[in-house]
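Student: For reference, the structure I am asking about is given below.
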Amino acid sequence: MVIEKRWKTWVFFYIPLAVFVVGTLFPFYWMLITAIRPDAELYRSWRAATNTPFWTLQPTLEHFRDLMAKTTFPRWLWNTFFIAVASTLISLFCGLLAGYALARLRFPMAGTLGTSIFVTYLVPPTLLFIPLADIIRNFQLGNTPWALILTYPTFLIPFCTWLLMGYFKTIPKELEECARIDGATRFGAMTRIIFPIAVPGILSAGIFAFTLSWNEFIYALVFLSSPERKTVPVGVVSELIRGDIYFWGQLMAGALLGSIPVALVYSFFVEYYVTGLTGSVKG
Amino acid sequence: MKKTIAGGAGSAAGFEVALPHPRTSQPAPALTRFLENEGLLAAVLLAPTVLLLSLFIAYPFVMGVWLSLSSTSVGNPGEFVGLRNFVKAWNDSIFRTAFGNTFFYTFWATVFKLVLGMWLALLLNRHFRGKRLVRASMLLPFIVPTVLSTFAWRWMFDPTFSVLNWLLYQGGLITTKLPFLSDGTYGLWCAIVVNTWRGMPFFAITLLAGLQTISPDLHEAASLDGANGWHRFWHVTWPLLKPVTLVVVVFSVIQTFSDFQLIYVLTGGGPANATHLLATYAYQIGVATGLLGEGAAISLFMLPVLFVVVWVQLRYLRRLEGA
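First to last, the protein sequences are chains A and B. Numbering (the working numbering) for the first sequence: 20 to 302. Numbering (the working numbering) for the second sequence: 159 to 481.
Listed below in structure tokens is the structure:
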């Protein structure tokens, strides 16, 4: 072990780390404190002597109450949840099968197909949203959740396939061969021997896909139009600002409530998420 | 071994008969026999993926190219106009600004994310109390929907009630408010700051995963040879971390270059169209104004850069597989 002097540890380790922690978390603290601050205190001159920006003495839940009662926010939460779960399940299904085929089976064009799936992984949604909006309209899917449930997999499947392919390659081939000698079919060996072993990989891919679809913005912005159909990110942007007026208390309450579900899922599965994240780039 | 089993339905059946197994006495259903063929099984397994991706990526892509060559707008099918949309965009001063902004934004945000992410990864690679908690909380900006966290930043940059202005003023660093989002140059830098804040954890965690594969023995040996901290980083850590870094940078460049939501929420492209990126300008022309053809052309300007980046990535992957 490399031994350091005490002051060096402070200067090169504790202080920079503390700065990183404060810098990373401050916007979240600011969200929270704005959300529970009464309006009278929110809009006070920055030079006022009574200004206490970092805490509030009269915390209030008024903004949360307004958000829940006077807007369609609960509806947005449900929409986002439903769309995220449905598109994650579709992507896992496709990714699982495709990942297995690419990792294990020998067939013509395997290399080309693997490469093209990887390339679609790198195509950003902002390149395609204009023609895609047209296609969605032609398919009569505009302003329905299906517009998103079917298009989110375009960026989730390549990622799931890539991640699970990497995972399958780490499972020894002998396991399958043994099962097949014992009389299992190819398909049976895949579903009953390999998929159960791959559960951690599936979980990683699922968690990651869920957070990605919860966060998606541009497709949801372009494909949905009626307020009660929107997802949380789009609803907050387009419905909580009336005219030019920003209701910051409500906005921050919405931002907080919209972040909590995905943060919760993440906090329960940090390790899986990190595996998914690092796996997504290493492949 | 695998080859003999995989030799088609007939030979597999023959192989099974040789084994005294009760299940082999029943004839396999047609579907099962069909799926014993490796190629056919692969086709079945890949069908849903190929179908979805061609329907919602390949088809829109072809359609986008067609749109960009036509004068289509909402409610007007349009006709073929050749490269007119591209020429028009190129001669448009707002487009030029957006084009320049996109490169500027991508370059600086990536540099900051890389440097800060590397630093954070090195810090997190040490042992200390509460490490798991710190690491988990560091990823929060990356988890939380970008739009929502960008709103928090927008409120922090508010022209009248900015807490950052308050801090700088109380700290005696400024005497008048900084025009965070009401000035084009400031606005773009604010966006770079927010993008860095959001993307840095991705760099840090991925680089940390790379760091953890480096054996501590190497550092021990280097320090026995008299290398100081910087030398150990530059001659031991960095060369081993280069492959991971390249991949992370490629991913980040693609995402930053095609960024939309951050600018859309933070500045909306304003003031006076000074902070548009290609994606936000394409949205403004293609969706808000309804000129689908011109919008599609603007977003296709991203393609050459993305192409180069993807090509670098693929070449690198090939080399890795070849090695």
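All residues carry an ideal CB built from backbone N, CA and C; glycine is no exception. No experiment lies behind these values; they were computed from the predicted model shown.
Taking only the alpha-carbon atoms, compute the straight-line gap between A/Ser286 and B/Ala294 and give it to the nearest angstrom.
Tutor: Sequence index remark: in the first sequence, residue 286 of chain A carries index 267 (1-based). Sequence index remark: in the second sequence, residue 294 of chain B carries index 136 (1-based). Across the structure, A/Ser286 and B/Ala294 are spaced so that their CA atoms are roughly 8 Å apart.
Student: What beta strand (DSSP E) runs, 3 residues minimum, are completely inside the region 337-369 of chain B?
Tutor: none
Student: I need the straight-line Cα distance from B/Leu458 to A/Arg56, nearest angstrom please.
Tutor: As a position in the second sequence, residue 458 of chain B is number 300, starting the count at 1. As a position in the first sequence, residue 56 of chain A is number 37, starting the count at 1. When rounded, the distance between both Cα atoms is 45 Å.
Student: Who are the Cβ neighbours of B/Arg181 in its own chain at under 8 Å, not counting the five residues just before and after it?
Tutor: The residue you call residue 181 of chain B lines up with position 23 of the second sequence. Residue confidence for B/Arg181 is low, a pLDDT of 49 falling below 50, so the modelled location carries little weight; the figure read from the coordinates is stated next. Counting only Cβ-Cβ distances below 8 Å, and skipping sequence neighbours, we find nothing.
Student: Quick one: which unbroken alpha helix (DSSP H) runs of 4-plus residues sit fully inside the region 254-331 of chain B? Chain order, please.
Tutor: 289-296, 298-301, 304-314, 321-328
Student: Mapping DSSP to helix, strand and coil, what is A/Arg125?
Tutor: For the purposes of this step, residue 125 of chain A is identified with residue 106 of the first sequence, where counting begins at 1. If DSSP states are grouped into helix, strand and coil, A/Arg125 belongs with coil.
Student: First and last residue of the alpha helix (DSSP H) that includes B/Ala379?
Tutor: Taking the first residue of the second sequence as 1, we reach residue 379 of chain B at position 221. Element bounds for B/Ala379: 374-382.
Student: Any beta carbon from chain B within less than 8 Å of A/Gly277's own beta carbon?
Tutor: Your numbering for residue 277 of chain A matches position 258 in the first sequence. So yes, A/Gly277 belongs to the interface.
Student: Could you check where the alpha helix (DSSP H) with A/Ile176 kicks off and where it finishes?
Tutor: Looking up residue 176 of chain A in the first sequence gives position 157. Looking at the DSSP string, the run of the alpha helix (DSSP H) that includes A/Ile176 is 172-189.
Student: With A/Phe83 as the anchor, note down where its alpha helix (DSSP H) starts and where it stops.
Tutor: Your numbering for residue 83 of chain A matches position 64 in the first sequence. Counting along the chain, the alpha helix (DSSP H) containing A/Phe83 begins and ends at 81-89.
Student: Are the beta-carbon atoms belonging to A/Ser106 and A/Ser232 less than 8 Å from one another?
Tutor: Here residue 106 of chain A is taken as the residue at index 87 of the first sequence, counted from 1. Here residue 232 of chain A is taken as the residue at index 213 of the first sequence, counted from 1. Yes, the pair counts as a contact, with Cβ atoms nearer than the cut-off.
Student: Quick one: grab the DSSP three-state call for A/Ile200.
Tutor: Mapped onto the first sequence, residue 200 of chain A falls at position 181. In this structure, A/Ile200 counts as helix in the three-state DSSP scheme.
Student: Under 8 Å between C-beta atoms, does B/Phe309 make it to chain A?
Tutor: The residue labelled residue 309 of chain B in the question sits at position 151 within the second sequence. Yes, contact with chain A.
Student: Considering only their Cβ atoms, is the gap separating B/Leu281 from A/Phe32 smaller than 8 Å?
Tutor: Sequence index remark: in the first sequence, residue 32 of chain A carries index 13 (1-based). Sequence index remark: in the second sequence, residue 281 of chain B carries index 123 (1-based). Their beta carbons are under 8 Å apart, which means A/Phe32 touches B/Leu281 by this criterion.
Student: Beta-carbon of A/Leu296 versus every beta-carbon of chain B: anything under 8 Å?
Tutor: Position 277 of the first sequence holds residue 296 of chain A. Chain B contact via Cβ: present.
Student: Going by other Cβ atoms of all chains shown within 10 Å of its Cβ, with 16 needed for buried, is A/Pro150 buried or exposed?
Tutor: Locating residue 150 of chain A in the first sequence gives position 131, where the first residue counts as 1. A/Pro150 comes out buried.
Student: If you draw a straight line from the alpha carbon of B/Arg473 to that of B/Pro299, how long is it in whole angstroms?
Tutor: Against the second sequence, residue 473 of chain B aligns to sequence position 315. Against the second sequence, residue 299 of chain B aligns to sequence position 141. Cα-Cα distance, rounded: 32 Å.
Student: Whose C-beta lies closer than 8 Å to the C-beta of B/Phe309 among residues of the same chain, with five residues either side of it excluded?
Tutor: Counted from its first residue, the second sequence places residue 309 of chain B at position 151. Counting only Cβ-Cβ distances below 8 Å, and skipping sequence neighbours, we find Val423.
Student: According to DSSP, simplified to helix, strand and coil, what is A/Asn162?
Tutor: Working through the first sequence from its first residue, we reach residue 162 of chain A at position 143. Coil at A/Asn162, not helix or strand.
Student: A/Phe45 to A/Glu193, Cα distance in whole Å?
Tutor: As a working note, residue 45 of chain A is residue 26 in the first sequence. As a working note, residue 193 of chain A is residue 174 in the first sequence. Distance between the alpha carbons of A/Phe45 and A/Glu193 is about 51 Å.
Student: Please state whether the Cβ-Cβ distance between A/Pro246 and A/Thr99 is less than 8 Å.
Tutor: One-based indexing of the first sequence puts residue 246 of chain A at position 227. One-based indexing of the first sequence puts residue 99 of chain A at position 80. No; because the gap between Cβ atoms is not below 8 Å, this pair is not in contact.
Student: Closer than 8 Å by C-beta to B/Gly444: which residues in its own chain qualify, once you throw out the five before and the five after it? Chain order, please.
Tutor: Along the second sequence, read from residue 1 onward, the residue named residue 444 of chain B stands at position 286. So the list reads Leu450, Glu452, Gly453, Ala454, Ile456, Ser457, once near-sequence residues are dropped.
Student: Could you tell me the distance, in whole angstroms, from the CA atom of A/Leu85 to the CA atom of B/Thr264?
Tutor: Along the first sequence, read from residue 1 onward, the residue named residue 85 of chain A stands at position 66. Along the second sequence, read from residue 1 onward, the residue named residue 264 of chain B stands at position 106. The displayed chain sequence assigns Asp, not Leu, to residue 85 of chain A. C-alpha separation (whole angstroms): 39 Å.
Student: Return the chain-ordered list of same chain residues with a C-beta closer than 8 Å to the C-beta of B/Ser183, the five sequence neighbours on each side being excluded.
Tutor: Start at 1 with the first residue of the second sequence, and residue 183 of chain B comes out as number 25. Confidence in B/Ser183 is poor, its pLDDT being 45 and thus under 50, which makes the residue's placement unreliable; the coordinate value appears in the next sentence. The answer is none, since no qualifying residue turns up.
Student: For my contact list, A/Thr173 and B/Phe409 are in at a C-beta cut-off of 8 Å; report their separation, rounded to the angstrom.
Tutor: Against the first sequence, residue 173 of chain A aligns to sequence position 154. Against the second sequence, residue 409 of chain B aligns to sequence position 251. Wrong, their Cβ atoms sit about 17 Å apart, outside the cutoff.
Student: Hey, quick one: how far does the alpha helix (DSSP H) through A/Val284 stretch, first residue to last?
Tutor: Residue 284 of chain A sits at position 265 when you count from the first residue of the first sequence. Per DSSP, A/Val284 belongs to the alpha helix (DSSP H) from 267-287.
Student: So the candidates are A/Leu296, A/Leu76, A/His82; which of them puts its Cα closest to the Cα of A/Phe229?
Tutor: Looking up residue 229 of chain A in the first sequence gives position 210. It is A/Leu296.
Student: Which residues in the same chain as B/Val232 place their Cβ atom closer than 7 Å to its Cβ, once the five residues preceding and following it in sequence are excluded?
Tutor: Translated into the one-based positions of the second sequence, residue 232 of chain B becomes position 74. Taken in chain order, the residues that qualify are Gly448, Leu450.
Student: For B/Cys348 versus B/Phe338, is the C-beta spacing smaller than 8 Å?
Tutor: Taking the second sequence and counting its residues from 1, one reaches residue 348 of chain B at position 190. Taking the second sequence and counting its residues from 1, one reaches residue 338 of chain B at position 180. Yes; because the gap between Cβ atoms is below 8 Å, this pair is in contact.
Student: Drop a sphere of 10 angstroms on the beta-carbon of A/Met184, count the other beta-carbons inside from all chains shown, and report buried for 16 or more, exposed for fewer.
Tutor: The residue labelled residue 184 of chain A in the question sits at position 165 within the first sequence. So A/Met184 counts as buried.
Student: I believe A/Leu240 touches A/Ala54 by the beta-carbon criterion, under 8 Å. Please report the beta-carbon distance rounded to the nearest angstrom.
Tutor: In the first sequence, residue 240 of chain A corresponds to position 221, counting from 1. In the first sequence, residue 54 of chain A corresponds to position 35, counting from 1. Actually they are not in contact, since the Cβ atoms of A/Leu240 and A/Ala54 sit about 24 Å apart, beyond 8 Å.
Student: Our contact map puts A/Val281 next to B/Ile301 with C-beta atoms below 8 Å; I'd like the distance itself, whole angstroms only.
Tutor: Indexing the first sequence from 1 puts residue 281 of chain A at position 262. Indexing the second sequence from 1 puts residue 301 of chain B at position 143. Contact holds; Cβ gap of about 6 Å.
Student: Between B/Pro397 and chain A, is there a C-beta pair that is closer than 8 Å?
Tutor: The residue given as residue 397 of chain B occupies position 239 in the second sequence. B/Pro397 does not count as touching chain A.
Student: What would DSSP say about A/Arg156, mapped onto helix, strand or coil?
Tutor: Numbered from 1 along the first sequence, position 137 holds the residue referred to as residue 156 of chain A. In the structure shown, A/Arg156 sits in a helix (DSSP, three-state: H, G or I).
Student: Does the separation of the CB atoms of B/Ile363 and B/Leu272 fall below 8 Å?
Tutor: Residue 363 of chain B sits at position 205 when you count from the first residue of the second sequence. Residue 272 of chain B sits at position 114 when you count from the first residue of the second sequence. Result no, Cβ atoms of B/Ile363 and B/Leu272 do not sit closer than 8 Å.
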